[in-house]
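Read the structure below first, then the notes.
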């Protein structure tokens, strides 16, 4: 093989794992990058203590004092599970942490690439190369402390304190060494540096080359260069490459301090004009490489392809700190030549070395200009220019691991097709303009830049001290067929804006429901694990990477207090719990190791069809499913098949595969597809062959019978053409036959008290009646190529697996259409075959059939889709149920966010089959203090004896004096800082906290208009000015005032800190201030080991949020310049928002002074908020709410319910500061509107960012909306001829109903309402509205022009009852009581108002429906019979009244008459006898009652009302 | 709704002895749903069939069967259900059913007045 042929062999990246500041795994790392998460923090005191090593501003520079105290630190991910890797637990403490972390990350990379069984089949041809520097790493530092420093200390002591005894010195030495840690001679082997690679080779059994290399900051890319060469030469088939660096030792900080390379402003801003140095980071990254041809042959998932690598030194030009363009350029040229001479103009992204040192950035930009050219005019637009970035802006400079950090970022960017952001570039470096590159500050979808580009291409730089340079060229992976591409495209990553926020922790909880999973060897173990507070249990056990193992299992989806309480009861009780309330518990899991099978059952056509798959479609990047004609049976059939296939694919992706497949009715066709009995490539042809038009058989009817098939068989006896077509379960069967005959059966059923319901489709399937329509289907079947199914498919016709012979299959497919569906026997047979879990792939009743049929058996049945919740959320429940029942390899993590495309296990818990717990690794070396040790002689105390020491004139003692003085001053400064009296130090050190500490605090606050008078300007309901009862105005605490309260509570709990973010904000219900209430505020402080502080504030029963605090506000980000689409002026002027009642807010909350633009996807305005709590953010919410009002034509009222996160970049602007607010909408659905917002100060700086602000939309149509705006002039009534009004329910949700209820009721009425059942509340409310509107209409004198109406608010109409319960109305301008009458049925109410002081009135409404004969017998008198049925010659017509409409009218007339009489029918309808009929009018006694019918979508109704003659 | 003529409805009658009917209906539901499932729930008048009990339509059939076994012709659950809209069934509480049963028993009982 010649050298020439070695180049341009593409190398595939097939696995990756990462551990960097702020990210313990690849997923987290990429999510951080996309979201622009700044992982830079203050130095944790366990690395080096600022109290000891911090420099003071006034002090001249010293090599052992550092002014810079910020950097990138790995905290949470610094753990290692010794059991997982067969490492002795005791050896962990003695090993160099980076070796263990490298091992962990390498194993995670292998697992990510498919696992050792896939990648490491030939260990002799696998190797590893790691970049690693020769620094004083924590393990070495500890051995140095033990061996050298301990003796140095005693030696110094002896010199300065000559009186000290040998015994005391020995005590000091031993105490010092003890404090370093126990000594184990065998442990020293753990410190040999090359073990970082050798441990990996050892534990993963790699037999190829395994070594570490040191090329300073270029180390990782040089490692990749080596690995690529191993693969290209053919010596190895699989190579691991990467880098590791975990060394925040003071010596390294000292080196960089002395070099002047650390940022004095403590910000790392590569390529910013004002960049003034780097911040030190750390981390480990490993990638798995194979030759692309092998990877493709092996079917590996390929993230990206390495095309070329280049390495070069600066040669004799090299100097320690001055990078040379020449050497860098040479590396670039070599890499692109190595890539086969690719055209540099095709570059899309360069991940730069970008250290943010002025010299480094300038040299690198010069290199980029020289190599890629500097002509920007070649680009079609600025936005089209290739992107330059550096992940160092987020994690700091990870030294030898920096190259792999950049490499993984670039590969992930290619894979996800996202151009990731770089932080803190406020004024780009002037030299950037001389290159072709631009820098993006938020993530963007990565489109091909020009039409001639065929592939996305990136390159990575890493340039090391001493002039060693490396460059790698990477291409995106060759395209795979879109259908197999489960990788989310950029579309799925969007909305990127969702992530463009420094607050990240809230995501896990806000973007997906959590799942609690607990397993153990026995029930007691679960009981133990559930012990503790809910928060603790959740924190310990929610799904994060690997699932626990064990023979007794519990899963809880979206765990809350109620569910956890139930879970504890369930486990205590001990018997299997199969999913009610989203809890699953199995004392003896039957799946997986239990041997039980999972069956996939595909549903057929059912009367209701309301699947929810939008989110799944989007997640899988699946073609949209057409529900367009779902009312039509054929189209619905197609949609059912499509959804079954979609869910089959989704579940397969999530690790759930069936052992058996079956279907119900046409679900069996889906089963044929899913089992691949019909080859996948002919499926679409098969689907197309189903002509929707052929599926209706005229005149044929189905009826669902609430009885078993045997009873149905009896009921159809003697009706020759009727058959039992479906035997579903013991309590349901379906009959099919000619319309008339089926109706006979339904009637027979009723007599036998069997529920029966006609079905809305008429296919005649599964009956001989379909026979005439078979020919075309048979013809299609004959053309279909068939093959053996890959999963056994069972037939519900034969109750056996499908035959093997294609012709027999075709015969069976035809029989299936003509013979009954024997689903009940099929279920028994499946159970007999070992099925222990049934998953329904679609919406329908199959799980109910299974539960009914297999009632006595421990079978799990669960549907994969339900109208009740979003598709992904239901899939999560399927996984939870199956896992609890023993299925191990389910992949919850894939459901979490669009960012997860593959299993990316938590590097902290990933590797082998250990099952142990990960132990934290010490990444610092201990700072030894011996406070309890005293020695007898010459005790020197700072401040007491140092004068005496100085006086000796001994230079050594003088030095010691200085040290002691420094120490004293340092400690005084620290104390002052802690007390808040010191001039500001860059960052307040946090107290070391080895574990999260928690503190709780509770108090009660009074929520009232007296305590919070501003709430009178935040009342939902406008009432007459004179109105005194405040509760009728509904003064509500704005959600934004809650945020204010959260902040106050949190800041009080953590003095000296400010609230920098509030996450996970939920309003649980209205917090109304009248009548006054006491609300318990509970605050829980959590101090995390990394020094951050969180306070969770709960207004018990009302709202909650979590406040994040820090010593100071973060630097504001650059303003988000994402444009709004189609900006235009607002049709409503800002001042009109309030005067025209678009918004209900009073002066304290009226802050919108200008609407700058209204756009298709958002709104921008200026807010000058008055000084009421939460006023500024409330106005932001008002802007958002106004946009919704003007953008939609129904459900216009939108009120805030939850917010994912609010981040603050400074203290709040003072009241009335003109603040610009931009709202971008992320999604607007029927239920919610969701947006993100940014508020900027007058100087343009960002003050606040909000993500995931969700408004709930309340039901309001064209009738409701004007009423909400102008309640005194509008109503809900539909005026009817005859003077009565009709009111129908115009709201679907109980929240919307409550809103309307409050609009109409006074306090007394609300108290009554609250005592009713929800069902009764609905009808009562309709009635009350009808009554009040009837009265208001009367007072308005029927005028239709709202403007002419004089004002009558609903609340001004007061309704009392007289002794017999008749309503009496009192209303304004009414001297006397007004007679009224009311009736309601279903969700309709009618009301009639009469003249004040006039005759009583009566009205009734009844649904036209069949009544039992005894009603007629009870109701109609003989005289009425002859009057109403004069032509009827039957003997007793009143017992035979079959005309439902006539009978209903008679009843309604009597009822109306009885009401006018003031007595009601009271079971004596005959007393109100109809004596005369005149058209629609009926006379009862001396009253005339008119009638009419009204028809709604719900049915037909008769209304009867008294006329005043 | 407060008692009075305006609440009159063709299908509802004065109900008596609700507690004993509730107890009987409750025990039927327990048989159907399974005692284990009621760990977290006490069946009362306000218990909803769909939301609280998650009763499937087929379980309704079982309930109808049990009502028929116990009350015979006096309570025509099937006819009543046939008169009731699906949406109403979904929102139906145990109380609605109990009231119906009690009313049926009431109207079937011989009148003493």
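Chains as they are written, first to last, in my numbering: chain A, 46 to 1554; chain B, 1015 to 1127.
Ideal placement from N, C-alpha and C gives every residue a C-beta, glycine not left out.
Because the structure is a prediction, the values reported are computed rather than measured.
Below 8 Å on C-beta distance, what does residue i contact in chain B?
i, result
"residue 800/A", "1074, 1075, 1078, 1092, 1095, 1096"
"residue 772/A", "Per Cβ cutoff of 8 Å: no residues; residue 772/A is ~13 Å from chain B at best."
Classify residue i as helix, strand or coil using the three-state DSSP reduction.
i, result
"residue 954/A", "Any reading at residue 954/A must be qualified, since the residue scores a pLDDT of 35, below 50, and its modelled position is unreliable; no value is offered."
"residue 1551/A", "strand"
"residue 1076/A", "helix"
"residue 1546/A", "strand"
"residue 475/A", "helix"
"residue 938/A", "helix"
"residue 629/A", "strand"
"residue 655/A", "coil"
"residue 796/A", "helix"
"residue 1308/A", "coil"
"residue 1408/A", "coil"
"residue 1388/A", "Note on residue 1388/A: pLDDT 47, under 50, position unreliable in the model; no value is reported."
"residue 1195/A", "coil"
"residue 300/A", "helix"
"residue 586/A", "helix"
"residue 396/A", "strand"
Under 9 Å Cβ-Cβ, which residues of chain B neighbour residue i?
i, result
"residue 777/A", "1071, 1072, 1075"
Please say whether residue j and residue i have beta carbons closer to each other than 8 Å?
i, j, result
"residue 334/A", "residue 58/A", "yes"
"residue 1548/A", "residue 1539/A", "yes"
"residue 1565/A", "residue 265/A", "Only positions 46 to 1554 of chain A appear in this structure, which leaves residue 1565/A out of reach."
"residue 1111/B", "residue 1088/B", "no"
"residue 147/A", "residue 245/A", "yes"
"residue 787/A", "residue 780/A", "yes"
"residue 1332/A", "residue 1380/A", "no"
Name the chain B residues that come within less than 7 Å of residue i, Cβ to Cβ?
i, result
"residue 1454/A", "1097"
Under 7 Å Cβ-Cβ, which residues of chain A neighbour residue i?
i, result
"residue 1082/B", "798"
"residue 1110/B", "1364"
Looking at residue i and the ligand GTP, is the gap between the Cβ and the nearest heavy atom below 7 Å?
i, result
"residue 1235/A", "In the structure shown, the ligand GTP is absent, as is every other ligand, since no ligand is present at all."
At 4 residues or longer, what runs of the alpha helix (DSSP H) sit wholly inside the stretch 1323 to 1371 of chain A? 1339 to 1349, 1352 to 1360
If contact is defined by three or more beta carbon pairs under 8 Å, each pair taking one atom from either stretch, is the stretch 889 to 899 of chain A in contact with the stretch 848 to 862 of chain A? The stretch 848 to 862 of chain A, when compared against the stretch 889 to 899 of chain A, does not touch it at the 8 Å Cβ threshold.
Runs of beta strand (DSSP E) wholly within the stretch 810 to 889 of chain A (minimum 3 residues, chain order): 880 to 885
Whole alpha helix (DSSP H) runs in the stretch 141 to 170 of chain A with 4 or more residues, listed along the chain? Every alpha helix (DSSP H) stretch that sits fully inside the stretch 141 to 170 of chain A and reaches 4 residues is listed by chain position as 142 to 157, 161 to 164.
Does the structure place the stretch 964 to 979 of chain A close enough to the stretch 131 to 148 of chain A that three or more beta carbon pairs sit under 8 Å? yes
Assess contact between the stretch 254 to 273 of chain A and the stretch 286 to 301 of chain A, defined as three or more Cβ pairs (one per stretch) separated by less than 8 Å. Is contact present? yes
Would you mind listing the beta strand (DSSP E) stretches within the stretch 1240 to 1265 of chain A that are 3+ residues and don't spill past its ends, in chain order? 1242 to 1253
So, do the stretch 1134 to 1153 of chain A and the stretch 1099 to 1111 of chain A have three or more beta carbon pairs nearer to each other than 8 Å? yes
Using 8 Å as the cut-off, can you tell me whether the stretch 289 to 298 of chain A makes contact with the stretch 165 to 185 of chain A, which would need three or more C-beta pairs spanning the two stretches below that distance? yes
Closer than 8 Å is the cut-off here; do at least three beta carbon pairs connect the stretch 76 to 84 of chain A with the stretch 303 to 310 of chain A? The stretch 76 to 84 of chain A is not in contact with the stretch 303 to 310 of chain A.
Cβ pair count under 8 Å reaching 3, the stretch 1326 to 1346 of chain A against the stretch 1058 to 1072 of chain B: Touching, no, given that fewer than three Cβ pairs across the two stretches are closer than 8 Å.
Determine, using beta-carbon pairs with one atom in the stretch 596 to 605 of chain A and one in the stretch 561 to 572 of chain A, whether at least three such pairs fall under 8 Å. yes
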